[in-house]
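Have a look at the structure below, then the notes.
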Amino acid sequence: MAQVDLLIRGGHVWTPGGFVDLDLAVHQGRIVGLHEPGQVRDASEILNADGQHVLPGLMDTHTHQREPGFTHKEDFITATRAAAAGGVTLSVGMPNVNPPTNTAERLQELIAVAKKKVLVDFNHNPAGTIPSEIPKLAKLGCLAYKVFMVRDTGRDYPHMPGIGIDHHGQLLDIFEAVGETGLPLMVHPHDQQLMDTIEQRYWKRGEYDPRAYARAYRDYEGIIWDTAIGLLLRLQKATGTRLHILHMSTPGGLEMVRRAKDAGQQVTCEVNPWAVFLGNSWERVEKMGPYILGFWVPDGHAEELWKGILDGTIDLVGTDHAPHTREEKEVGWENMWKSPGGEPQIQDYLSLFLTEVNAGRIPLDTLVRLTSYNPARIFGVYPRKGTIQVGSDADLVLVDLKQEKVISNQETYTKCGWTPYDGRRVKGVPTCTLVRGKIVMKEGKVVGEPGYGQFIPPVAFSSESSARSATRNAP
Ligand code: DOR
Ligand code: ZN
């Protein structure tokens with residue numbers, strides 16, 4: 338047996354075929370062997386994984402990293418530190434930065450800056466709002482495009498000009514341009530016209546507080562979400578473009594996606610941790626107001642999300658990690674329309690889901706598929722990422738399913754310095770994160786260095802070849 342850099346010994350290891358007791362040999366950043374326990378003895382370094390589950394590192398396809406432009410909330414270093422702490426080895430940024438990443442020039446600049454700062458591997462979803470830029474963005478190696486159907490009213494962030502399109506004809510142009518690249522189009526579904534009417538009704542009655550905001554986004558069982566999802570699915574059918582729907586939270590939306598999948602449409606979707614752990618309680622809306630909005634997800638709706646997770650309607654978990662400062666949130670008690678939605682998520686979501694694994698709500702294997710295997714396949718970085726097999730990058734997270742802890746603001750790595758889960762008890766904790774064989778987090782302490790992370794294009798990516806044939810890599 339040739340010498341290896343690192344041997345991860347004694348763990349219960351996830352593989353696509355199930356969990357097995359294996360020792361993992363890592364050399365030059367890649368997995369080079371999966372061995373019967375005790376078979377390999379020689380390694381430059383040994384990492385003891387006794388009593389731990391060894392999972393593929395998490396891939397978060399939806400991280401608001403905030404740089405450039407909003408670095409008072411978060412930046413590449415702090416976002417990826419929080420990622421490393423949470424078991425995330427590949428974090429994909431979002432385009433609502435300043436300037437918004439809707440041109441190739443801006444994406445190129447962002448990648449150059451991020452490369453020098455990130456602690457874990459990265460990519461970035463540019464805004465696919467300018468059709469002529471779409472093919473140029475693919476040539477830079479992006480994994481997908483993002484379009485918000487939201488236009489902010491009352492505030493100018495997080496949905497500023499340049500990233501939002503609510504005109505159906507323009508959306509059709511975008512679907513067609515993205516379809517030519519073969520990459521997925523991620524959309525935040527939202528019916529701006531219905532929302533304009535609905536929110537005016539609240540404002541006329543003088544209702545601006547978090548309760549009013551929560552209700553407005555959920556009026557008529559979430560009509561603003563469902564009409565948008567209906568439109569997106571129809572545009573998908575018309576164009577054949579791979580559609581990835583963000584922020585699933587309504588039973589109506591789930592039902593439409595389920596039917597579209599049954600009919601063979603190329604659609605995938607995500608659920609966010611806030612939908613099943615935070616926004617899913619009216620009591621929390623009342624007590625925590627701006628600090629949990631986002632969006633209210635009524636109890637029965639959250640149950641439907643769990644069903645969608647278990648029956649495969651929901652493909653993956655995207656964190657929607659969306660840090661904002663306390664000052665920005667405080668404004669929301671008075672007028673929630675002036676306060677930005679979203680909260681930090683990336684550091685805590687694995688523990689929150691592991692707690693549900695311990696409670697028997699979701700199998701650990703399903704969780705791995707939602708958080709790494711499926712995102713890697715859908716976004717074209719599999720089998721380099723998202724799995725544990727010979728030849729894959731040694732992106733791993735060790736978890737202790739028995740360890741309990743209370744999440745706290747003091748331990749959070751996000752720049753905004755708070756987590757909506759402060760005080761919550763969890764059972765199941767990431768204890769070590771490795772990116773390409775290098776430990777970046779150990780026992781909750783981030784030890785990775787800024788600039789270690791690499792830009793990860795689609796596996797079959799070549800800037801010379803036509804993007805369409807190169808990147809069709811979905812399951
Ligand atoms: O609540 C949200 N926050 N929704 C979004 O669409 C964006 C995000 C953010 O960037 O803060
Ligand atoms: Zn988002």
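Numbering-wise (this note's numbering), the sequence shown opens with residue 338 and increments by one. The beta carbon of each residue, even a glycine, is placed where N, CA and C say it ideally should be.
The Cβ atoms of D685 and Y758 sit closer than 8 angstroms to each other.
Distance from the CA of Y557 to the CA of M532, rounded to the nearest whole angstrom, comes to 11 angstroms. In the structure shown, N711 falls within a helical segment according to DSSP collapsed to helix, strand and coil. In this structure, A659 has its beta carbon less than 7 angstroms from a heavy atom of ligand 1. Of the residues M625, L691, T656, P635, the one whose Cα lies closest to the Cα of R663 is M625. The beta strand (DSSP E) runs lying completely inside the stretch 730–795 and spanning 3 residues or more are 733–743, 762–772, 775–779, given in chain order. Closest by C-alpha distance to G590, out of P610, G567, R571, Q573, is G567. Here the stretch 606–618 makes no contact with the stretch 535–542; the two share fewer than three CB pairs at distances below 8 angstroms. Annotation for N695: the continuous alpha helix (DSSP H) segment containing it runs 686–695. In this structure V743 is exposed. Its beta-carbon is surrounded by fewer than 16 other beta-carbon atoms within 10 angstroms. The stretch 550–596 contains, as complete beta strand (DSSP E) runs of 3+ residues, the segments 580–582 (chain order).
In summary, K644 is exposed, with fewer than 16 beta-carbon neighbours lying within 10 Å of its beta-carbon over all protein chains present.
Between ligand 1 and the CB of H401, the shortest heavy atom gap is smaller than 7 angstroms.
Distances between the C-beta of H525 and the heavy atoms of ligand 1 include at least one below 7 angstroms.
Its Cα nearest to that of I345, the residue V369 stands out among V369, P353, S709, G354. As the crow flies, the alpha-carbon of R773 is around 11 angstroms from that of G728.
Following the DSSP letters along the chain, one finds W619 in no beta strand (DSSP E) but inside the alpha helix (DSSP H) bounded by residues 619–625. Ligand 1 approaches G631 closely enough that one of its heavy atoms is under 7 angstroms from the residue's Cβ. Around the beta-carbon of E780, fewer than 16 other beta-carbon atoms lie within 10 Å, marking it exposed. According to the DSSP secondary-structure assignment, D458 is paired through a beta bridge with L427.
DSSP, reduced to helix, strand and coil, places I345 within a strand of the structure shown. With fewer than 16 other Cβ atoms inside 10 Å of its own Cβ, H504 counts as exposed.
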